[in-house]
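To start, the structure itself, in structure tokens.
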Amino acid sequence: MCPGVESDSPGICPKCGMALERNPLLADETPDPQLRDFTRRLAVGLVFTIPIFVLAMAPMIPAWRHIEWLGGDSARLAQMLLSLPVVLWCGTPIWKAGWQSILNASPNMFTLVTLGVGAAWVFSEVAILYPSAFPSGAHGPDLYFESAAVITILVLLGQILELRARARTADAIKSLLARSPKTARLLKDDGEHDIPLAEVNPGDALRVRPGEKIPVDGTLLEGSTSIDESLLTGEPMPVEKSAGDPVTGGTVNTTGGFVMRAEKVGSETVLGRIIALVAEAQRSRAPVQTLADTVAAWFVPAVLAISALTFAAWFFIGQNSALALTNAISVLIIACPCALGLATPMSVMVGLGRGASLGILIRNASTMQMLARLELLAVDKTGTLTEGKPKLLRTSTQPGFSENEILRLAAGLESASEHPLARAIVAAAPAPLPRPSNVESTTAQGLRGTVEDHSVAVGKPSFLEALGIPCPAPPETTGTLLAMGLDGCFAAFLEISDTLKSTTPEAVRTLQKMGIRLVLLTGDTTGAARPFAEQLGITDLRAGLTPDEKHRAILELRKTNRIVGMAGDGINDAPALAAADVGIAMGHGTDVAIESAAVTLVHGDLRDVARAVTLSRAMMRNIRQNLFFAFAYNAIGIPVAAGLLYPFFGILLSPMLAGVAMSLSSVSVIGNALRLAKEKL
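Counting with our numbering, you get residues -19 to 661 for the letters of the sequence shown.
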């Protein structure tokens, strides 16, 4: 498919003449009209081609040789008449595509087929209508109506098989689209109404009943329920939801009915963004495609030259006009650049679709090629290696300060932040919390603001020092240590700790076995990060890093001439994710992190990095197999079709057999690419 080519209706590409592919985001459940049209043409063509083939082969069958008319002029005239609907109507899409490729100087498979079939059919027509123009006997056995008809039928069959195979590559997107319900139940003053999903607007109140899929992203207003969020988390256990909690479109309401407010609709929903990302990735081109494009640009002109040389050699040197035409046509037919053109995009589409079905969203094909070469992976700690749900372990207050009051004021300030450490402080404080004002945030450092007329600051000890609040020596800790200032004085240390995800040790072991070196980059202190690094066997630990320092660390790692990946989930990871050769965002992370990354792990499971690398390596291996097959096929097939073996072994390749080989080459490449859908990860 040529980049940038789109159409509102089925047809052929105006640049290259190849069939346009249906956009899975817009396609409905009705059969592909192009597939239906090709199937109808194939059925009609078979009705006429079978008798043409029988008439052409009859003189070669001993039992039929005594039937005089089968080898006479009437039989040859019948072949001509029967070939008209096959070549001129059934083959119309082939002729259009071939002509389009010639007009736009984009030679491809249809260029060769059009020239080959056209040469065979026109020669035969002239031999029938003007037999005197040929030497004696040339208008008899030298007819190629059966070749023209059979090749047309074979090309149509090959296109049908290709269209069906390509439809399978969109299965991943179709399965995601199936996650969304077709309608939503809108609450209005005059009652409840079922409306199409496309008519839902932000702010609408929607009712979701037990067992229904949630239509769009929003907030639960009334009721409580349990929601199956395995689409996003991969976890089978339903999540309890009550008023004020967010809900995501495409997830399943399991128990109670509720009312929700729509906030993000259409392509803005989480599911919509996932679908768009997968569709965009499947249309992207891998760098390895450049090799195939370069070869294909020279391939068709080279084949035309070889065909012309073949004709000249047999006509002038071999003194055999029949073999000259037969072999020249066979060269045109067997040389199929379609297999070469399909080698890379088919593998990319199937591979990216397989990844999407596993919750691994890869932004484009070049990222997948880079993933296959991944040598070093830098990982953030909080939310990537750990649960990202830290808990407040203890509060060490200075004399003269009440622990409860300190915690209440700190939680009031941190209620303005979405950071995991802030949520840990908020969760540990008794409700209700005071409202903060004049809140200022310094990324990866801390917060300051006003709470109940008190000036409050919470963050790293260095953050308080920068504000002119001296801090005492911090206590020993294996967690993250935050300092709190109150009205310009140091008030307390807040010790917060996190736990490893249950899947992290397995993920780290798998990545290390794959030869991928791990580096831990974290904004936490060395004391807080070292226990996790030691538990996981990560020897390269770099702690206490700001976002800029993480970014510089990635740039330094890239200077070692290794392919470097970065996995993280927070705003502070965004610069490093963007700087890495492959940025990998946890699906539960911030929008900034996800937008900065080339790969998103919907389930937030580090094991999916290993799966993504395994899939990428399998895809690149599959592409190399396809390219080798396409090159080897033509390297062997073209000389045989040109008659190179005939002087030594008496072996010739008829245009019909060349047509069979041409179709099988494309089908073989497609079949090999589809194996990726079952690759063990």
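The beta-carbon is built from N, C-alpha and C at its ideal position, and this holds for glycine as well.
### Task
With A402 as the anchor, note down where its alpha helix (DSSP H) starts and where it stops.
Unbroken alpha helix (DSSP H) run through A402: P400 to A408.
### Message
Between which residues of its own chain and L26 is the CB-CB distance below 7 angstroms, once the five residues before and five after are set aside?
### Response
Excluding sequence neighbours, L26 sits near I133.
### First through last residue of the beta strand (DSSP E) which encompasses V686
Outside the displayed span of the chain (-19 to 661) sits residue 686, for which this structure offers no information.
### Query
Which stretch, first to last residue, makes up the alpha helix (DSSP H) that contains E486?
E486 -> alpha helix (DSSP H) spans T484 to K493.
#### Entry: As assigned by DSSP and simplified to three states, the class of G704
Lying before the first or after the last residue shown, residue 704 is absent from the chain, which here runs from -19 to 661.
### Task
Go ahead and pull the three-state DSSP assignment for K440.
The three-state reading of DSSP puts K440 in coil, since its state is none of H, G, I, E or B.
### Query
Does the Cβ of G651 have 16 or more other Cβ atoms within 10 Å, making it buried, or fewer, making it exposed?
So G651 ends up on the exposed side.
### Query
Do H434 and L466 come within 8 angstroms of each other at the CB atom, strictly closer than that value?
Yes. Within cutoff.
### Task
Please name the residue in K162, P400 and M37 whose C-alpha comes closest to that of A178.
Nearest of K162, P400 and M37 to A178, Cα basis: K162.
### Query
Residues bridged to G623 by DSSP?
For G623, DSSP records no beta bridge to any residue.
### Task
Using the DSSP secondary-structure output, state which residues sit across from A472 in a beta bridge.
The partner list for A472 (beta bridge, DSSP) reads T377 and M464.
### Query
By the 10 Å Cβ neighbour count, where 16 or more other Cβ atoms means buried, how is Y110 classified, buried or exposed?
That one is exposed.
### Query
With a Cβ-Cβ cutoff of 8 angstroms, do I314 and A641 count as a contact?
The answer is yes: Cβ separation under 8 angstroms.
### Query
What distance in whole Å lies between the Cβ atoms of S287 and L312, which are believed to be in contact at a cut-off of 8 angstroms?
Contact holds; Cβ gap of about 5 angstroms.
### Query
How many angstroms separate the CA atom of R428 from the CA atom of A391?
Our two residues, R428 and A391, have alpha carbons roughly 12 angstroms apart in a direct line.
### Query
Would you call the region 597 to 605 and the region 622 to 634 in contact, with 3 or more CB pairs under 8 angstroms?
Between the region 597 to 605 and the region 622 to 634 there are fewer than three C-beta pairs closer than 8 angstroms, too few to call the two in contact.
### Query
Ends of the alpha helix (DSSP H) at I449?
Unbroken run through I449: none, as it is neither H nor E.
### Query
Are the region 385 to 402 and the region 527 to 537 touching by the rule of at least three beta carbon pairs closer than 8 angstroms?
Contact fails: fewer than three Cβ-Cβ distances are below 8 angstroms.
### Message
I need the DSSP call for E659, collapsed to helix, strand or coil.
### Response
Of the three classes helix, strand and coil, the one that applies to E659 here is coil, per DSSP.
### Task
Determine the contact status of L413 and V419, defining contact as a CB-CB distance below 8 angstroms.
For the 8 angstroms CB-CB criterion, L413 and V419 do not form a contact.
### Task
Using three-state DSSP, classify K539 as helix, strand or coil.
Of the three classes helix, strand and coil, the one that applies to K539 here is coil, per DSSP.
### Query
Using DSSP with H/G/I as helix, E/B as strand and the rest coil, what is V24?
Here V24 sits in helix by DSSP.
### Query
Going by beta carbon distance, what residues of the same chain come within less than 6 angstroms of L357, once the five residues before and after it are set aside?
If we look at L357 and ignore the five residues flanking it on each side, its Cβ neighbours are I496, L498 and G545.
### Query
How should V130 be labelled, buried or exposed, when 16 other C-beta atoms within 10 angstroms of its C-beta is the threshold for buried?
Burial state of V130 is buried, judged by a 10 Å Cβ sphere holding 16 or more other Cβ atoms.
### Query
Looking at the structure shown, is A592 part of a helix, part of a strand, or coil, going by DSSP?
The answer is helix: DSSP assigns A592 an H, G or I state.
### Message
In the DSSP assignment, the alpha helix (DSSP H) including V311 goes from what residue to what residue?
### Response
Start and end: S301 to I314.
### Task
Closer than 6 angstroms by C-beta to E659: which residues in its own chain qualify, once you throw out the five before and the five after it? Chain order, please.
Result list for E659: A598, in chain order.
### Query
What distance in whole Å lies between the Cβ atoms of D553 and A523, which are believed to be in contact at a cut-off of 8 angstroms?
15 angstroms between Cβ atoms; not a contact.
#### Entry: Inter-residue Cα distance where the pair is L661 and V593
So the alpha carbons of these two residues sit roughly 9 angstroms apart.
### Query
If we count the other Cβ atoms within 10 Å of its Cβ and call it buried at 16 or more, is P190 buried or exposed?
Label assigned to P190: exposed.
### Query
By Cβ distance, which residues of its chain are closer than 7 angstroms to L373, with the 5 residues on each side in sequence left out?
For L373, same chain residues with a beta-carbon under 7 angstroms away, outside a window of 5 residues either side, are G459, E475, I476 and S477 in chain order.
### Identity of the residues DSSP links to T163 by a beta bridge
Answer by DSSP bridge pairing, in chain order: P176.
### Query
Got a sec? Which residues, its chain only, sit under 8 angstroms from W663 by beta carbon, not counting five neighbours each side?
Nothing about residue 663 can be read from this structure; the chain reaches only from -19 to 661.
### Message
Distance check for T205 and S222, CA to CA, integer angstroms please.
### Response
Rounded to whole angstroms, S222 to T205 spans 7 angstroms at the Cα level.
### Task
Kindly give me the distance between the Cβ atoms of I309 and G567, rounded to whole angstroms, as I take these residues to be in contact under 8 angstroms.
Cβ atoms of I309 and G567 stay farther apart than 8 angstroms, at about 55 angstroms.
### Query
Nearest-angstrom Cα distance between A463 and T422?
One C-alpha to the other measures close to 14 angstroms.
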